[in-house]
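Residue numbers (the UniProt record's numbering): 1 to 221.
Every residue gets a Cβ at the ideal spot worked out from N, C-alpha and C, and that includes glycine.
Quick caveat: nothing in here was measured; it's all calculated off a predicted structure.
Here's the structure we're looking at; comments come further down.
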Amino acid sequence: MTNFVFPPHDPVSLPIAGLDARFPVRRIYCIGKNYADHIAEMGGDVARSEPIFFTKAAETIVHNGADIPYPPNTSDLHYEVELVVAIGPEDMNGGIYGYGVGIDLTRRDLQSAAKKKGGPWDRSKSFHRSAPCSAITPAEKVNLDAAHIVLRKNGDIVQASALSNMIWGVDEIIARLREDMDLQPGDLIYTGTPSGVGPVRIGDELSGGVEGLQRITVRFV
Numbered sequence: 001m002t003n004f005v006f007p008p009h010d011p012v013s014l015p016i017a018g019l020d021a022r023f024p025v026r027r028i029y030c031i032g033k034n035y036a037d038h039i040a041e042m043g044g045d046v047a048r049s050e051p052i053f054f055t056k057a058a059e060t061i062v063h064n065g066a067d068i069p070y071p072p073n074t075s076d077l078h079y080e081v082e083l084v085v086a087i088g089p090e091d092m093n094g095g096i097y098g099y100g101v102g103i104d105l106t107r108r109d110l111q112s113a114a115k116k117k118g119g120p121w122d123r124s125k126s127f128h129r130s131a132p133c134s135a136i137t138p139a140e141k142v143n144l145d146a147a148h149i150v151l152r153k154n155g156d157i158v159q160a161s162a163l164s165n166m167i168w169g170v171d172e173i174i175a176r177l178r179e180d181m182d183l184q185p186g187d188l189i190y191t192g193t194p195s196g197v198g199p200v201r202i203g204d205e206l207s208g209g210v211e212g213l214q215r216i217t218v219r220f221v
């Protein structure tokens, strides 16, 4: 038995739809600029180019139904709803265990400042409670070929798109990540957001969904 100098932290995990077992979260990878309409609204070039990847710490996961305190050091917190891919063993559905719905919370003012300086986005993207995610639905229980992703803010639709509008599809994202990283069971991939991103204020409720998947709903306090 390994002798640790202090007790290791409990693993982060997500519920699995229809099962008592849980999905252990190892790492969180995210892709930026994966919907042309979102690139356009952010003032970028919509021509297909190499995907932009960044990461969030596993400990940033937030479960469905949670209350999220408005984060410090920002006055411009934004929502970005995303399809989440849960990686499993390579012999299982091409390495995909299942899917969820996530919200990539972004401190947009910090991101804008980092971009102007040519610096990394870490502080704007990976902070406490910045990665809400639904329960994971096993891949064999859902067909996403014609699915749409929607985010409601206080009941009103603010983001909506067909998943087929992704510039880089799920298989392409996984293949590209595998070129640089050793993807392992337990990894999550947030696959990018469509247009309609916007600010969050205290008192707001966000609810994201994709047909066939569990919803993610959080409130800001």
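What's the C-alpha gap between residue i and residue j?
| i | j | result |
| --- | --- | --- |
| arginine 219 | isoleucine 202 | 8 Å |
| aspartate 182 | valine 170 | 17 Å |
| serine 112 | asparagine 3 | 44 Å |
| lysine 56 | glutamate 140 | 27 Å |
| proline 69 | proline 132 | 13 Å |
| methionine 92 | isoleucine 167 | 25 Å |
| leucine 14 | glycine 88 | 14 Å |
| tyrosine 35 | glutamate 205 | 24 Å |
| alanine 114 | glutamine 214 | 34 Å |
| threonine 106 | valine 158 | 16 Å |
| serine 161 | aspartate 145 | 13 Å |
| glutamate 172 | alanine 135 | 24 Å |
| isoleucine 216 | glycine 65 | 7 Å |
| histidine 128 | aspartate 180 | 26 Å |
| residue 232 | leucine 177 | The first residue shown for the chain is 1 and the last is 221, placing residue 232 beyond what the model contains. |
Classify residue i: buried if its beta carbon has 16 or more other beta carbons within 10 angstroms, exposed otherwise.
| i | result |
| --- | --- |
| histidine 78 | buried |
| asparagine 143 | exposed |
| isoleucine 80 | The identity of residue 80 in the sequence shown is glutamate, whereas the question assumes isoleucine. Buried is the call here. |
| aspartate 67 | exposed |
| valine 25 | buried |
| lysine 117 | exposed |
| aspartate 156 | exposed |
| valine 197 | buried |
| glutamine 184 | exposed |
| alanine 86 | buried |
| arginine 154 | For clarity, residue 154 is asparagine in the given sequence; the question names arginine instead. Exposed, because fewer than 16 other Cβ atoms sit within 10 Å of the Cβ of asparagine 154. |
Can you tell me whether residue i is helix, strand or coil according to DSSP?
| i | result |
| --- | --- |
| threonine 106 | strand |
| isoleucine 87 | strand |
| isoleucine 202 | coil |
| residue 232 | The first residue shown for the chain is 1 and the last is 221, placing residue 232 beyond what the model contains. |
| lysine 56 | strand |
| alanine 66 | coil |
| glycine 118 | coil |
Alpha carbons only, please: which of the options is nearest the one belonging to residue i?
| i | options | result |
| --- | --- | --- |
| asparagine 165 | Thr193, Leu188, Ala139 | Thr193 |
| proline 11 | Phe23, Ala17, Glu205 | Phe23 |
| valine 210 | Gly100, Gly32, Asn73, Ala36 | Gly100 |
| proline 199 | Ala135, Ile174, Ala162, Leu151 | Leu151 |
| tyrosine 190 | Ala146, Ser126, Lys153 | Ser126 |
| alanine 21 | Glu179, Ala147, Glu172, Thr137 | Thr137 |
| glycine 32 | Ile16, Ser49, Phe53, Ala17 | Phe53 |
| residue 245 | His9, Leu83, Leu19, Glu50 | Within the shown structure, residues of the chain are numbered from 1 to 221, placing residue 245 beyond reach of any answer. |
| isoleucine 149 | Gly18, Val84, His128, Arg108 | Val84 |
| proline 120 | His63, Leu110, Asp76 | Leu110 |
| arginine 27 | Pro71, Gly186, Val221 | Gly186 |
At what residue ranges does the segment 140-192 contain a whole run of the beta strand (DSSP E), taking only runs of 3 or more?
148-153, 156-162, 188-190
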